[in-house]
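Which chain is which? The protein sequence lines are A and B, in order. When we follow the working numbering, the leftmost residue of the first sequence carries the number 612, and every step to the right adds one. When we follow the working numbering, the leftmost residue of the second sequence carries the number 549, and every step to the right adds one.
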Amino acid sequence: MSITIFSAKRIHTMNPSQPEATHIAVRDGRVLGVGPLEAMQELGDYTLDQRFADNIIMPGFVEGHSHALEGAMWNYLYLGYFHRVDPEGLHWAGADSITTMQQRLREGADTLAPGEPLIAWGFDPVYFEGTRLDRQLLDAAVQDRPVVVMHASLHVMTVNSQMLQQSGLHQHPGIEGIMLDAQGQPNGELQEMAAMHAIFETLGVNLFEAVSAPSTLRRYAQAARNAGVTTITDLYNPLTDDGIAALRQVTAEAHFPVRLVPAMSALAWSPEQGVERLLHCLELGNDKLQFGLVKMMTDGSIQGYTARMKWPYYHDGHANGIWNAPPEALQRMVQVYHQAGLQLHIHTNGDEAVELMLDAVQSALDLWPRADHRHTLQHCQVIDHAQLRRTAKLGLCLNMFANHLYYWGDIHRRHTLGYERSRRLEPLASARRLGIVTAIHSDAPVTPLGPLFTAWCAVMRESASGEVLGVQERVSVAQALEMITLGAAYTLRLDHKVGSLEIGKFADMAVLDQDPLTIDPAHLRDIRVLATVVGGEVHANT
Amino acid sequence: MPTPDRVPLTVITGFLGAGKTTYLNKLIRQGLPRDSRIVVNDFGDINIDAELIEYRDDRIIRLGNGCICCTLGGTLAEQLAQVLRLKPRPGALYIEASGVAEPARIADIARVSRQLKLESVLCLVDASQISHHARNPYTGDVWRAQITACDQLIINRLPADDTLEHAHALAMLRALNPHAIQTLNDSLPGPSIVNPVSATERLKPMPPAPSVGGFGWRSVSLNYAGAIDAARLERLLLEYADVVLRAKGILARLDRDGSQVLQLSGRSIRWLPTTRAAAGNALVCIGIKGARFDELSAKLTQLECTQNPVAHRSKTAMPADS
Chain A
612 MSITIFSAKR IHTMNPSQPE ATHIAVRDGR VLGVGPLEAM QELGDYTLDQ
662 RFADNIIMPG FVEGHSHALE GAMWNYLYLG YFHRVDPEGL HWAGADSITT
712 MQQRLREGAD TLAPGEPLIA WGFDPVYFEG TRLDRQLLDA AVQDRPVVVM
762 HASLHVMTVN SQMLQQSGLH QHPGIEGIML DAQGQPNGEL QEMAAMHAIF
812 ETLGVNLFEA VSAPSTLRRY AQAARNAGVT TITDLYNPLT DDGIAALRQV
862 TAEAHFPVRL VPAMSALAWS PEQGVERLLH CLELGNDKLQ FGLVKMMTDG
912 SIQGYTARMK WPYYHDGHAN GIWNAPPEAL QRMVQVYHQA GLQLHIHTNG
962 DEAVELMLDA VQSALDLWPR ADHRHTLQHC QVIDHAQLRR TAKLGLCLNM
1012 FANHLYYWGD IHRRHTLGYE RSRRLEPLAS ARRLGIVTAI HSDAPVTPLG
1062 PLFTAWCAVM RESASGEVLG VQERVSVAQA LEMITLGAAY TLRLDHKVGS
1112 LEIGKFADMA VLDQDPLTID PAHLRDIRVL ATVVGGEVHA NT
Chain B
549 MPTPDRVPLT VITGFLGAGK TTYLNKLIRQ GLPRDSRIVV NDFGDINIDA
599 ELIEYRDDRI IRLGNGCICC TLGGTLAEQL AQVLRLKPRP GALYIEASGV
649 AEPARIADIA RVSRQLKLES VLCLVDASQI SHHARNPYTG DVWRAQITAC
699 DQLIINRLPA DDTLEHAHAL AMLRALNPHA IQTLNDSLPG PSIVNPVSAT
749 ERLKPMPPAP SVGGFGWRSV SLNYAGAIDA ARLERLLLEY ADVVLRAKGI
799 LARLDRDGSQ VLQLSGRSIR WLPTTRAAAG NALVCIGIKG ARFDELSAKL
849 TQLECTQNPV AHRSKTAMPA DS
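In structure tokens:
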């Protein structure tokens, strides 16, 4: 059994007994020892690998809430405001003006057969205040074929006139979700499922059909590697037989660069079927595939006005959001999965959804007391302090959507939440003060995958316009780094295997060009990931 | 692109327990055309009668994603588009919407679709639950939206027609939706529904127990004056295991000296010794709200009556919906 020792300028281990070191020894894919080189002489013959000698090594990042859909989005044209790297490592400049966007659309159309629809994604209206992307702007770019531009939130799309015509939507100005121009005619922006349905019906394909295909999973894994992520969730996987087979196939491939943690979407099955399916899956995992999580969706999103809010509801007076399933059914699911000993990850965006789920978990615990259940509230963007105290008492974990502070912070300040509630959007410092185990996430593809950016959001709390949302809820860099490693690993019940560099754990690392603990925190997001190491195998970033 | 004949779409809404499935079964039994498809967007419990099981494979399409538009893929909008791509295309579509769906949004799908036409939006209402639903902080708004958006209201479990409750129920529904056709549903099964709680009326309501937060749950607390028949209690709890989530108590048993602690969890019942003084002789039972749980409550109350006819209950309580 050969031993490899990696040297580094500094290793931040996240092991409280030895936070810093310079060398890490690896055998059989696991950490054999961390410490100074002198102490490693006792381990036996080794190969010293110095390629990271000038770099910083951290535990591989753990993304506790993202979706394999990230791997499928790149089948379509990227149209986001920000520079983004695709899974193949290709850099896509941000489309930061309407002109650039139109140019990108023209280029995209040129690669397609005549008449074939052009589908693009990632457009974020937040950065084009004053200009509304409408059918005219799209027509000016491409009018000889249908064009569909999905917005970054995935809740809205804008289409060109050709698409409107083909779907017949131009005849329906009176329907909710079909947005109108000053003359009362559809302007091309579509929201809500009625309008979306008409587009899917006309295109004749589902845009996300390939979401559980092996090729999508491979691309997803590459996207993770690029961001320094070595353990990643797919937090809404129906776990169909085909889907399970694909997960097992890719994770058994040599050099697969990430550990996958799918969470079964509870709504895809009756609770009893779901429990049976998941218990069956527990036997099917391997070192790079961990089953056992259940994902429930309680409400919608804040910016889509579908999150369920407590009084006084939305700041701008918009009607309260909607439940994704009847509250009774959701509470029953909590009971059934809790009783079966499984771990729940529960999507709650608004504070009323939080309340419902705190009640549900409390009832479940009254009936079936269970230590260390680690049920986790996901997103949990709007949660008040009384609810945080209950969260702590009930032993729940939190995984908050820190990227929202940046991407939608300004919208929340002005439209959805107002001043006071936007101070405690993602109240990370309060969660830490109460001793709640907390993680932070990107929800990719909703926002780009990138734990160091997510950590930057948690530390700086700056919106895209530069406003700081609640300085009291800023966390330290050290705390943020824990949230993207050990904290997230704990919420996945994998903290005994990943999330820190300690003897016996998987040798999973992220190699960085700068030290996050000495750099100015404002530049945390600029640190580059040079490589990951997964089970001792190096995956260099290209 | 030529537009084929449009497929009629009927949206069936109503809360859990309002009778949607019963209604759907009735439709099926009356004979839906072979090429109809039924899209079910509810979670868990569609009870298609055994003799109609073929429909489940053939014509019933289950949605597994909830009500929110654009959760990541697999939404109602996408799945419905997929159903319309079936060969041959369905002749008629029925959507049994989730209890919290906004029917207006689903109806909009038919309004803008080039392949669908909106046939009807039905809303089933359990008249005995009107005040409960109207006041519910979590779902009162959706409940009203469903009634407002329908063109046919089908009313179940209406109180007897000479009562004030009867008049109130109809007036409230009429106020919410003056235009809908109101139909009283006569198809519901018999005596146990008509007179569901006579046995439990002896139980007096108490404020909700704070530890049982969910409103889908009900708990009953009983204080027995004398010792009880443990074997009979066990049989009862197991007979109703489908609605009992948990029971515990400190009870005096006819077949033993002193008190014992009873624990029921899952389907297992355990009796454990206790050193606690049996000041109370108490049983708490928590389960899923509904007629069967009420039945069990009544039988638990009678357990003591038949054992010990002269005993009086020191305190008997059944918390109201919490």
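Yeah, the Cβ is synthetic: ideal placement off N, Cα and C, and Gly gets one too.
At the C-beta level, A:M920 and A:N931 come within 7 angstroms of one another. Distances from the CA of A:H990 to each of A:L953, A:M907, A:P937, A:Y1030 were compared; the closest alpha carbon is that of A:M907. Contact residues of the stretch 638 to 656 of chain B toward chain A are S646, G647, V648, E650, R653, D656 (C-beta to C-beta distance below 7 angstroms). Per DSSP, the unbroken alpha helix (DSSP H) holding A:R836 starts and ends at 825 to 837. Beta-bridge analysis with DSSP links B:T731 to B:I702.
Neighbours of B:I834 in chain A, taken as residues whose beta carbon is under 7 angstroms from its own, are L978 in chain order. DSSP, read as helix, strand or coil, puts A:I1095 in coil. Beta-bridge partners assigned by DSSP to A:D697: none are found.
A straight-line Cα-Cα distance of about 36 angstroms links B:I678 and A:A1003.
Counting along the chain, A:K620 sits inside the beta strand (DSSP E) bounded by residues 614 to 623. Per DSSP, B:W691 is one residue of the alpha helix (DSSP H) stretching across 688 to 697. Taking 7 angstroms as the cut-off, the beta carbon of A:L748 is found closer than this to the beta carbon of A:I709. Residues of the stretch 656 to 681 of chain B with a Cβ closer than 8 angstroms to any Cβ of chain A, in chain order: D656, I657, R659, V660, S661, R662, Q663. Counting of Cβ neighbours within 10 angstroms places B:E626 among the buried residues, the total reaching 16 or more. Rounded to the nearest angstrom, the gap between the Cα atoms of A:I1138 and A:P728 is 38 angstroms.
With respect to chain A, the C-beta atom of B:R783 has no partner C-beta closer than 7 angstroms. Restricting attention to B:L628, B:R705, B:V559, the CA atom closest to the CA of B:A649 is found in B:V559.
A Cβ of chain A is located within less than 7 angstroms of the beta carbon of B:E626. Contacts between B:D842 and chain A, judged by CB atoms closer than 7 angstroms, are missing: the closest CB pair is about 17 angstroms apart.
In this chain, the beta strand (DSSP E) harbouring B:W819 covers 816 to 821. Taken in chain order, the members of the stretch 684 to 696 of chain B whose beta-carbon sits within less than 9 angstroms of a beta-carbon on chain A are N684, P685, Y686, T687, D689, V690. The alpha-carbon separation between A:H1015 and B:S816 amounts to approximately 46 angstroms. For the stretch 863 to 876 of chain A, the set of residues with a beta-carbon nearer than 9 angstroms to any beta-carbon of chain B comprises S876, in chain order. The contact set of A:A731 on chain B, defined by CB atoms closer than 9 angstroms, is empty, because the minimum CB distance reaches about 16 angstroms.
Look at A:H783: its C-beta is under 7 angstroms from a C-beta on chain B. Membership of B:Y571 in any beta strand (DSSP E) is not indicated; the residue belongs instead to the alpha helix (DSSP H) covering 568 to 579.
The beta carbon of A:Q946 is closer than 6 angstroms to those of A975 in its chain, skipping five residues each way along the sequence. Secondary structure at A:W1019: coil, using DSSP grouped into helix, strand and coil. Chain order gives the chain B residues near A:W934 as C615, V648, Y686, T687, V690, where near means a beta carbon separation below 8 angstroms. Remark: fewer than three beta-carbon pairs, one from each stretch, lie closer than 8 angstroms, so the stretch 1112 to 1120 of chain A and the stretch 808 to 815 of chain A are not flagged as touching.
A Cβ-Cβ distance of about 11 angstroms is found for the pair B:Q700 and B:G562, leaving them out of contact under the 8 angstroms criterion. Taking every protein chain shown into account, the CB of A:E800 has 16 or more other CB atoms within 10 angstroms, so this residue is buried. Close partners of B:Q630 in chain A (Cβ separation under 7 angstroms): N817.
Between B:L793 and chain A, the shortest Cβ-Cβ separation is below 7 angstroms. Your pair A:P1062 and A:A838 checks out as a contact, with CB atoms roughly 6 angstroms apart and the cut at 8 angstroms.
Exclusion of the five residues before and after A:T862 leaves L871, N897, K899, L900 as the residues of its chain whose Cβ lies within less than 7 angstroms of its Cβ.
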